[in-house]
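Be aware that the sequence shown starts at 1, since it is given in the working numbering, and climbs by one per residue.
Cβ coordinates follow ideal geometry from the N, Cα and C atoms, glycine included.
For clarity, every value in this text was computed on a predicted model and none was experimentally measured.
Scroll down for the structure; my scribbles are underneath it.
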Amino acid sequence: IDEPTESTKQVVKRYTFINSKNTAIQVINYGATVISISVADKNGHFSDVILGFDKIEDYQSETNPYFGGTLGRFSSIISDGTFKLGSEEFYLSQNSGQNHVLGGCYGFDKRRFISLIKTLLVIMTYVSMDVEEGYPGILMVQTEFSLTKNNSFIVHTKATSSKPTIIGLSNNLIFNLAGHGTGPTGLKQHSLIVNADKFVKTDFDTGVPTGELQNVGATFYDLRVPRPLSKAIVKAPGGGYDQTFCLTKGLQRHSVSFATRLVHPESGRFLEIQTDQPGLHVYTCNRLPNPDPTFHLIRLAICLNLLLIYTEAEVEEMFGQKLIEGKSGCMYRNHGGILLMPQEYPDAPRFPQFPSVLLQPSKEYSRTTIYRFGIVPLP
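Here you go:
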């Protein structure tokens, strides 16, 4: 690949984990990105259950919805792209209107990490320079990936900074346990539970947090018992979920604990996530393309050479839809997957009542998330 900071092309390395259950997980050192997770269903058939691409060029594209990437230095929103440390104000890159989101214009998902294998770990390291995307301090980040024999995919990230700074790293894995290409039909067959009594309230129009932590009771965000996504997505305001939940923690607030469980009864697959992050962002891909049914008919006719007066690009422009072609030629659309991303609270630097995201030079940032895959036992 070409990198702005390098004069010559750089090699992207791909690593594959395979355990005794034949679960296979692939990661690349471009963006410390998870590109595939292949797990068995109740009949022993394997499917890739995360959205992504086949080509490295697609991960580099501006239209990539951050599939599988490591997000940083701050994985959520910082409103107005500014924050204060003491009396000093810092100005970050603004890549979503006037806001800074998902690490900025050239975040960690678009950086090449140095990578190596150490026993059963793949370790990826990146050094973020002072004022990169506007953040203070030289930040050294190290992420360790591993796969256990009981189908737990473990992501452990740590970081240190040369100056006081803010930090909130996470991994943008978008799941569909029916198979990455089954779209909204497959996703709506799932049920979801989230271990949260509260969520971070946001302004409906801007998506910016208000600072209030609202109880989930009597709202569409009450996922404390399993909810079928077929009903939950329809009822959620804004055409689906795009919310950060405040994970319920025990006495050991910084320990790894249960966050969420996603189940696909038809395949028997489940995903359980444990984390020491304080929040969980749930997003049902509401902003992926949602073409009019006529669009699909015209596009199919073009592919079959039944309609020759338009090109595919002209039809996309006509309908205002640019489809996202994912792995194996699958066309990803809205509600085709669900992001379950453990993270810090959004806009945390602005609200002292939120868990702190301050990292001092004398301290080490450390976060662990465990993705455990399995088969639901037969009744």
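In DSSP terms, what residue i is bridged to
i: Gly44; result: In the DSSP output, where bridge partners are listed per residue, Gly44 has none listed.
i: Ala259; result: Answer by DSSP bridge pairing: none, since Ala259 is not bridged.
i: Gln142; result: Thr125 and Lys158
i: Ser191; result: Pro228 and Val263
i: Phe90; result: Phe83
i: Thr202; result: Pro209
i: Arg112; result: Tyr30
i: Val39; result: Ser47
i: Asn171; result: Thr70
i: Ser362; result: Its beta-bridge partners do not exist; DSSP assigns none.
i: Asn176; result: DSSP lists no partner for Asn176.
i: Ile78; result: His100
i: Tyr371; result: Phe153 and Ile273
i: Leu147; result: Phe153
i: Gln214; result: Phe199
i: Ala24; result: Ile18 and Ser38
DSSP-derived helix/strand/coil call for residue i
i: Ser182; result: One detail in the question is off: residue 182 reads as Thr in this sequence, not Ser. Reduced to three states, the DSSP call for Thr182 is coil.
i: Phe17; result: strand
i: Glu62; result: coil
i: Leu132; result: Checking the sequence shown, residue 132 turns out to be Glu, not Leu. Three-state result, Glu132: helix.
i: Val376; result: coil
i: Lys9; result: coil
i: Lys163; result: coil
i: Lys118; result: strand
i: Ile1; result: coil
i: Ile302; result: Any reading at Ile302 needs caution, since the residue's pLDDT is 47, under 50, leaving its predicted position unreliable; the model's value is listed next. Note: Ile302 maps to helix in three-state DSSP.
i: Val234; result: helix
Extent of the continuous alpha helix (DSSP H) to which residue i belongs
i: Val282; result: First-last for Val282: Gly279 to Tyr283, but that is the beta strand (DSSP E), not the alpha helix (DSSP H).
Cβ-Cβ distance between residue i and residue j below 9 Å
i: Phe145; j: Tyr59; result: no
i: Ile1; j: Lys13; result: no
i: Arg73; j: Tyr135; result: yes
i: Asn171; j: Val155; result: yes
i: Asn22; j: Phe46; result: yes
i: Gly81; j: Tyr91; result: yes
i: Leu192; j: Ile50; result: no
i: Pro455; j: Arg261; result: An answer regarding residue 455 cannot be provided, because it is not within the stretch 1 to 379 covered by the chain.
i: Ala236; j: Thr182; result: no
i: Val34; j: Gln26; result: yes
i: Phe245; j: Val216; result: yes
i: Thr210; j: Thr202; result: yes
i: Tyr241; j: Val282; result: yes
i: Gly207; j: Ile77; result: yes
i: Ala32; j: Met124; result: yes
i: Pro349; j: Phe83; result: yes
i: Ser366; j: Thr157; result: yes
i: Val141; j: Ala159; result: yes
i: Phe270; j: Leu177; result: yes
i: Phe153; j: Leu339; result: no
Start and end residues, beta strand (DSSP E) containing residue i
i: Cys246; result: Asp242 to Leu247
i: Gly97; result: Neither: Gly97 is in no beta strand (DSSP E) and is coded neither H nor E.
i: Asp275; result: Reading off the sequence shown, one finds Thr at residue 275, where the question assumed Asp. Counting along the chain, the beta strand (DSSP E) containing Thr275 begins and ends at Arg269 to Thr275.
Residue-chain proximity (residue i, chain C), Cβ-Cβ < 9 Å
i: Tyr241; result: The chain labelled as chain C is not found in the depicted structure, where only one protein chain is given.
(Q) Please give me, in chain order, every unbroken run of the alpha helix (DSSP H) with length at least 4 that falls completely inside the stretch 318-349. (A) The stretch 318-349 contains no whole alpha helix (DSSP H) run of 4 or more residues.
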